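This note's numbering puts the first residue of the sequence shown at 1, with every later residue one more than the last.
We treat Cβ as the ideally placed atom computed from N, Cα and C, and that holds for glycine.
All values reported here derive from a predicted model rather than from experimental measurement.
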Amino acid sequence: MQYSTFTPEDLSSRLSGMTLESASDVASPPESAAARPGHRMKRPARVFHNIDAQSSDPMSQPIIPHDMPAPYDAAAAAAASAPTAFVPVMPDMAVAAAMAPAIAPSKQAEYNSTIRPVGAGAGPRVDPDQIPSVVTVRELNQKYYATHMYPTMEKLCPPVATTEYCAVDQGSSNPKFGRLTLCSVPASADVLATTHLPLGLVLQPFAKLRPDEQEIPVLDFGDKGPPRCNRCRAYINPFMQFADGGVKFICNMCQFANTVPGEYYSPVDASGRRIDRDQRPELNLGTVEFAVPKEYWKVMPEPMKYVFAIDVSADAVNKSLPHLTAQAIRRALYGPDGGLPEGCKIAIITYDRTLHFYNLNSKLSQAQMMVVTEVDEGFLPLMDGLFVDPEESRFIIEDLLDRLEVLFEDLKVPEPAFGAVLDVAFQALSATGGKVIVTLSALTTWGPGRLAFRDDPRQYHTEKEKVLFSAENIYYKNWGKKYAEAGIGLDLFVFPSTYVDLASVGMVSELSGGEIFYYPNFVPQRDGKRMIAEMSTVVNREVGYQAQLKVRCSNGLQVSAYYGNFYHSRPASDVDLGTIDEHKSIVVMFKYDGKLDAKLDAHFQSALLYTTKYGQRRIRCHNFVAGVTTQVKEVVKFCDEDALLAIMAKEAVQHMTSDLLKDIRAGINDKCVQILASYRKHGATTSTPGQLILPEALKELTVLLLSLLKTKALRGGNVNSDVRVFSMRLLKCMSLDDLSLYLYPRIFGLHNLQEADGYVDESTGQLKMPTYVRASLSRFDEGGAYLIDNGQSCFLWIHRRANPNLLKDLFGPTVDKLEALDPYMNEFPEIDTPLSRQVRNIMAHLHDLRGAKALSIQLARQELDGAEYEVSAMMVEDRNNEAMNYVDYLCHVHKHIQLVNVN
Numbered sequence: 001m002q003y004s005t006f007t008p009e010d011l012s013s014r015l016s017g018m019t020l021e022s023a024s025d026v027a028s029p030p031e032s033a034a035a036r037p038g039h040r041m042k043r044p045a046r047v048f049h050n051i052d053a054q055s056s057d058p059m060s061q062p063i064i065p066h067d068m069p070a071p072y073d074a075a076a077a078a079a080a081s082a083p084t085a086f087v088p089v090m091p092d093m094a095v096a097a098a099m100a101p102a103i104a105p106s107k108q109a110e111y112n113s114t115i116r117p118v119g120a121g122a123g124p125r126v127d128p129d130q131i132p133s134v135v136t137v138r139e140l141n142q143k144y145y146a147t148h149m150y151p152t153m154e155k156l157c158p159p160v161a162t163t164e165y166c167a168v169d170q171g172s173s174n175p176k177f178g179r180l181t182l183c184s185v186p187a188s189a190d191v192l193a194t195t196h197l198p199l200g201l202v203l204q205p206f207a208k209l210r211p212d213e214q215e216i217p218v219l220d221f222g223d224k225g226p227p228r229c230n231r232c233r234a235y236i237n238p239f240m241q242f243a244d245g246g247v248k249f250i251c252n253m254c255q256f257a258n259t260v261p262g263e264y265y266s267p268v269d270a271s272g273r274r275i276d277r278d279q280r281p282e283l284n285l286g287t288v289e290f291a292v293p294k295e296y297w298k299v300m301p302e303p304m305k306y307v308f309a310i311d312v313s314a315d316a317v318n319k320s321l322p323h324l325t326a327q328a329i330r331r332a333l334y335g336p337d338g339g340l341p342e343g344c345k346i347a348i349i350t351y352d353r354t355l356h357f358y359n360l361n362s363k364l365s366q367a368q369m370m371v372v373t374e375v376d377e378g379f380l381p382l383m384d385g386l387f388v389d390p391e392e393s394r395f396i397i398e399d400l401l402d403r404l405e406v407l408f409e410d411l412k413v414p415e416p417a418f419g420a421v422l423d424v425a426f427q428a429l430s431a432t433g434g435k436v437i438v439t440l441s442a443l444t445t446w447g448p449g450r451l452a453f454r455d456d457p458r459q460y461h462t463e464k465e466k467v468l469f470s471a472e473n474i475y476y477k478n479w480g481k482k483y484a485e486a487g488i489g490l491d492l493f494v495f496p497s498t499y500v501d502l503a504s505v506g507m508v509s510e511l512s513g514g515e516i517f518y519y520p521n522f523v524p525q526r527d528g529k530r531m532i533a534e535m536s537t538v539v540n541r542e543v544g545y546q547a548q549l550k551v552r553c554s555n556g557l558q559v560s561a562y563y564g565n566f567y568h569s570r571p572a573s574d575v576d577l578g579t580i581d582e583h584k585s586i587v588v589m590f591k592y593d594g595k596l597d598a599k600l601d602a603h604f605q606s607a608l609l610y611t612t613k614y615g616q617r618r619i620r621c622h623n624f625v626a627g628v629t630t631q632v633k634e635v636v637k638f639c640d641e642d643a644l645l646a647i648m649a650k651e652a653v654q655h656m657t658s659d660l661l662k663d664i665r666a667g668i669n670d671k672c673v674q675i676l677a678s679y680r681k682h683g684a685t686t687s688t689p690g691q692l693i694l695p696e697a698l699k700e701l702t703v704l705l706l707s708l709l710k711t712k713a714l715r716g717g718n719v720n721s722d723v724r725v726f727s728m729r730l731l732k733c734m735s736l737d738d739l740s741l742y743l744y745p746r747i748f749g750l751h752n753l754q755e756a757d758g759y760v761d762e763s764t765g766q767l768k769m770p771t772y773v774r775a776s777l778s779r780f781d782e783g784g785a786y787l788i789d790n791g792q793s794c795f796l797w798i799h800r801r802a803n804p805n806l807l808k809d810l811f812g813p814t815v816d817k818l819e820a821l822d823p824y825m826n827e828f829p830e831i832d833t834p835l836s837r838q839v840r841n842i843m844a845h846l847h848d849l850r851g852a853k854a855l856s857i858q859l860a861r862q863e864l865d866g867a868e869y870e871v872s873a874m875m876v877e878d879r880n881n882e883a884m885n886y887v888d889y890l891c892h893v894h895k896h897i898q899l900v901n902v903n
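Next comes the structure, spelled out in structure tokens:
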């Protein structure tokens with residue numbers, strides 16, 4: 001049903017002197033994939049790609065052309081399915097091998113269009129509809145991978161980060177676990193320098209897999225542990241070759257010939273293939289886990305322990321935080337989707353100016369409270385009964401949670417002693433490691449690590465502003481180091497009414513591998529459900545603790561730096577993580593200490609030593625392989641745009657504590673110009689003056705970098721330092737799919753849904769999603785309603801002249817105008833209308849795609865709600881946040897590319 005016949009307002013006159021260009025000035029649209037012949041990268045001789053002698057070399061399979069299929073036509077969708085709840089139907093893994101070599105999509109052909117920089121006078125003009133679109137690429141990529149799988153050993157870049165896809169592990173790890181910026185690695189530092197591209201690996205070791213993907217096998221080699229190279233200490237993997245009748249194995253990293261341990265020996269056939277290879281997951285899969293012997297233990301591994309530290313100071317009680325936190329703990333421990341593994345234990349602490357400990361022993365009739373008033377020298381008043389099994393002591397725990405808010409409703413002590421909580425939680429977990437989950441509602445002005453209000457707007461845009469992004473008190477940095485070294489991670493839930501110095505109090509979370517959840521302007525009626533869901537997710541998601549990460553690479557390369565939320569003593573040293581979970585990513589940067597052999601592949605291996613929640617000590621091993629080339633054009637052609645963007649984002653925020661924001665923004669602009677100017681000079685097929693030429697793999701780079709410049713961490717204007725710090729730490733650790741959505745949100749209209757939208761597509765077994773809209777208010781229909789989701793927040797924007805029938809179908813028969821809506825609503829009501837069923841199915845699907853952040857909508861009614869400002873700021877193609885619109889920025893970049901090439 002169409003609720004509005006209005007057309008979008010014509011805002012082309014706003015485009016800074018730009019008008020719609022004539023047809024003769026616009027580059028012809030790319031011809032369809034069927035009309036163009038496929039092309040492939042010339043493959044040099046490969047030594048280690050043939051991991052299965054019984055099948056042909058994966059690189060000799062049908063060519064993977066880099067052409068996109070015909071544009072997706074949402075109007076031609078199939079008829080609506082029955083109005084049932086969304087239930088995904090996954091393809092059978094048994095057909096993976098048959099589906100793997102199918103033709104894969106890529107992005108549009110090399111963008112080549114005449115463009116005149118801003119201020120160049122009359123001449124060719126830019127049509128916003130003709131410039132590269134993130135939305136188009138995402139939709140076409142998703143359309144293809146709805147019916148095809150991604151083979152990890154084919155010569156093509158991984159799918160777009162936001163794509164839902166099934167990968168087939170053929171020996172190189174699933175891209176969900178890690179992505180190289182360059183799928184074709186330069187043979188030397190000189191070639192890499194020419195491209196101005198970084199060589200790095202974005203790792204997400206605990207990335208969540210789909211049900212139809214290969215589970216990670218756990219292998220136990222007994223007391224001697226898994227076979228390793230004696231020189232570089234790399235672990236056995238599919239790319240190691242066996243020689244001398246199986247007596248030797250040649251390391252794919254350093255080429256050292258090792259003697260095969262006697263217990264691991266197996267004869268080889270005439271082709272050098274081990275006879276038992278098919279029964280050895282470590283010789284067939286890129287990702288495996290090894291159970292490790294005692295020599296890998298730091299302390300005796302045991303199931304994870306959790307400490308819940310609940311702020312019960314005045315601000316917290318006024319916001320109902322003790323009550324909401326109690327609900328979150330109950331849901332995490334006893335909810336339908338909750339429950340800790342057998343052997344896990346919990347402790348509960350509350351705090352204001354004093355610390356309150358609870359004896360939760362199952363033999364008691366109710367919990368016993370013990371109060372510690374000397375917070376400057378905190379101590380544990382009990383050990384027996386502090387940590388308990390949540391099932392054995394369920395009655396005691398639930399009784400305490402029921403009484404928690406009542407206990408402190410009349411006290412309302414104004415100052416939380418957060419620093420003292422860090423001390424006693426460390427004392428409780430230092431011997432075993434574990435997880436600390438803390439709520440905080442106000443600035444810590446009492447006890448150890450006390451802080452002062454220091455957020456002064458007069459320091460913004462000056463040399464002093466960067467000081468606001470670093471911890472004021474060394475107390476918090478020291479605790480962060482101690483937590484990381486002891487294998488303890490801290491997740492911090494912050495509910496500020498004003499400044500809380502997130503740079504200081506959040507330092508422990510950053511260094512220990514934890515996460516910060518930030519709720520400014522917290523309203524319990526609106527945000528309480530979201531907070532409960534997110535704390536429950538933190539408790540129940542996959543996590544490892546007492547972790548250490550080591551990355552190895554081929555001879556000629558070495559690790560130069562790591563970026564992320566963790567602690568390490570030196571830039572290239574091993575990374576210590578108190579905890580690491582399924583939503584965290586880490587960037588590993590490489591530099592050259594020699595040259596790579598173009599006849600061999602480049603290999604990378606990450607090894608994460610950690611303890612599971614179940615108390616098992618393991619190593620999770622990921623292996624990645626890439627070709628080597630001496631050609632600049634081939635390097636750029638197989639660049640992974642999402643991985644590149646992640647590295648540029650994490651590098652940028654890494655410098656926020658040392659450089660001015662304006663210099664960081666200028667550095668991002670310069671890097672964009674250098675990359676594109678280098679391609680124009682060394683890789684473009686044509687290079688006519690006045691034409692903007694963007695490489696096929698990086699056509700959306702300009703708009704994505706513009707989006708990065710508009711994030712709260714880096715944007716111009718006056719932004720509260722707590723807000724900047726939260727965005728900074730978010731960018732440092734978020735996964736690729738979360739980052740992509742954070743920079744360029746998912747937007748679609750609810751007023752113009754097609755009949756098939758929101759129901760399962762029988763041809764793919766997946767939910768049919770609406771057509772997405774580009775991030776510009778000029779694309780919004782008058783009278784329309786739009787959902788804007790950036791993976792962290794979800795806004796429902798409704799035009800002031802929305803059709804009353806639309807409102808009734810979405811919110812019920814009593815709602816016929818915007819003012820009738822509850823401003824604190826956080827979900828769509830269950831209404832018996834076709835539109836309501838469609839929207840609720842779509843929301844359920846988006847919920848399943850979410851990471852750590854719960855899906856909760858916030859109203860942004862035009863001219864009624866303050867959230868409308870947030871929506872406007874998310875329109876990254878418009879001029880806002882003291883930055884240019886997309887068209888102007890493209891012209892700006894093109895102008896500087898021309899200047900670089902002239903010089």
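Compare the beta carbon distance of residue i and residue j with 9 Å and say whether it is the shorter of the two.
{"i": "valine 288", "j": "glutamate 282", "result": "yes"}
{"i": "valine 135", "j": "valine 523", "result": "no"}
{"i": "arginine 228", "j": "isoleucine 236", "result": "yes"}
{"i": "glycine 338", "j": "serine 536", "result": "yes"}
{"i": "lysine 732", "j": "glutamine 792", "result": "no"}
{"i": "threonine 444", "j": "proline 416", "result": "yes"}
{"i": "aspartate 642", "j": "cysteine 183", "result": "no"}
{"i": "histidine 603", "j": "asparagine 252", "result": "yes"}
Looking only at its chain, what residues have a beta carbon closer than 6 Å to the beta carbon of residue i, apart from the 5 residues adjacent to it on each side?
{"i": "glutamate 392", "result": "Ser362"}
{"i": "leucine 333", "result": "Pro390"}
{"i": "alanine 189", "result": "Tyr592"}
{"i": "alanine 852", "result": "Thr537 and His583"}
Using the beta-carbon count (16 or more within 10 Å), is residue i buried or exposed?
{"i": "threonine 702", "result": "buried"}
{"i": "glycine 513", "result": "buried"}
{"i": "lysine 482", "result": "buried"}
{"i": "aspartate 278", "result": "exposed"}
{"i": "threonine 181", "result": "buried"}
{"i": "aspartate 244", "result": "exposed"}
{"i": "tyrosine 889", "result": "buried"}
{"i": "proline 322", "result": "buried"}
{"i": "proline 457", "result": "exposed"}
{"i": "methionine 369", "result": "exposed"}
{"i": "lysine 224", "result": "exposed"}
{"i": "arginine 729", "result": "buried"}
{"i": "alanine 860", "result": "buried"}
Skipping 5 residues on each side, what residues in its chain have a beta carbon closer than 7 Å to that of residue i?
{"i": "threonine 194", "result": "Val632, Ser678 and His682"}
{"i": "alanine 314", "result": "Lys412, Val413 and Pro414"}
Mapping the DSSP letters down to three states, classify residue i as helix, strand or coil.
{"i": "lysine 599", "result": "coil"}
{"i": "glycine 480", "result": "helix"}
{"i": "glutamate 682", "result": "It should be pointed out that residue 682 corresponds to histidine in this sequence rather than to glutamate. In this structure, histidine 682 counts as helix in the three-state DSSP scheme."}
{"i": "alanine 442", "result": "coil"}
{"i": "isoleucine 788", "result": "strand"}
{"i": "tyrosine 296", "result": "helix"}
{"i": "tyrosine 772", "result": "coil"}
Answer with yes or no whether the minimum CB distance from residue i to chain B is below 9 Å.
{"i": "leucine 736", "result": "In the structure shown, chain B cannot be found, because there is only a single protein chain."}
Tell me which same chain residues have a C-beta within less than 8 Å of the C-beta of residue i, skipping the five on either side of it?
{"i": "arginine 274", "result": "Phe242, Gly246, Ser266, Pro267, Val268, Arg280 and Leu283"}
{"i": "alanine 646", "result": "Val202, Ser585, Val587, Leu736 and Leu739"}
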